[in-house]
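Accompanying notes for the structure given below.
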Amino acid sequence: TLLSCWMFCNTRKTVVGLLSMVTTICQLAMVDSMALSASAADRFVGFDLGTSGARISVVEKSSLSHNEVHSDAISWDSENRYDDPNAWNNAIHKLLSRAAATASKPDLLSTVKSICVSGT
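The numbering used here applies: residue 80 is where the sequence shown begins, and numbers increase by one.
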């Protein structure tokens, strides 16, 4: 499984924060190459870390279409600011944990083929 991240950073704090976030994403998603090859449906996870909050979208590819099977969002507040790498990491953790706890699809993250992170 390949995880590609394009990072354009100005400060060391931002670089360290982004690397920590990518590590968290990989650990929480528990992407397993054996599960990927045996999957019935491919899923793709997208994160958007913007100035108003953090969002997750999980898209499932079937033989005929692509469907969003899960989405969620967290708004930034005075404790979790949009410019704080620790807040990014916490938001990713919360969003993935909530996605994994989705009762309608308990195996939601078990067949993730790729992860994309976008930030503004």
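Just so it is clear, CB atoms sit at the ideal spot from N, CA and C, and this is done for glycine as well. These numbers come from a predicted model, not from an experiment.
Supposed contact pair residue j and residue i - C-beta distance, whole angstroms, cut 8 angstroms
i      : j      : result
GLY125 : SER136 : 5 angstroms
SER150 : GLY132 : Not really, about 12 angstroms apart at Cβ, beyond 8 angstroms.
ARG134 : ALA152 : 4 angstroms
LYS173 : ARG122 : In fact, because the Cβ distance is near 19 angstroms, the residues do not count as touching under 8 angstroms.
LEU187 : THR181 : 5 angstroms
Alpha-carbon to alpha-carbon, residue j and residue i
i      : j      : result
ALA179 : PRO164 : 23 angstroms
ALA170 : GLU139 : 22 angstroms
SER116 : SER189 : In this prediction, SER116 scores a pLDDT of 44, lower than 50, which makes its location untrustworthy; no coordinate-derived value is stated.
HIS145 : VAL196 : 19 angstroms
GLY129 : PRO185 : 28 angstroms
ALA166 : SER157 : 11 angstroms
THR199 : ASP127 : 8 angstroms
Span of the alpha helix (DSSP H), counted from its first residue to its last, around residue i
i      : result
SER176 : 164-179
DSSP bridge partner residues for residue i (one or two, in chain order)
i      : result
SER136 : GLY125 and SER150
Continuous beta strand (DSSP E) stretch holding residue i: start and end
i      : result
LYS192 : 191-198
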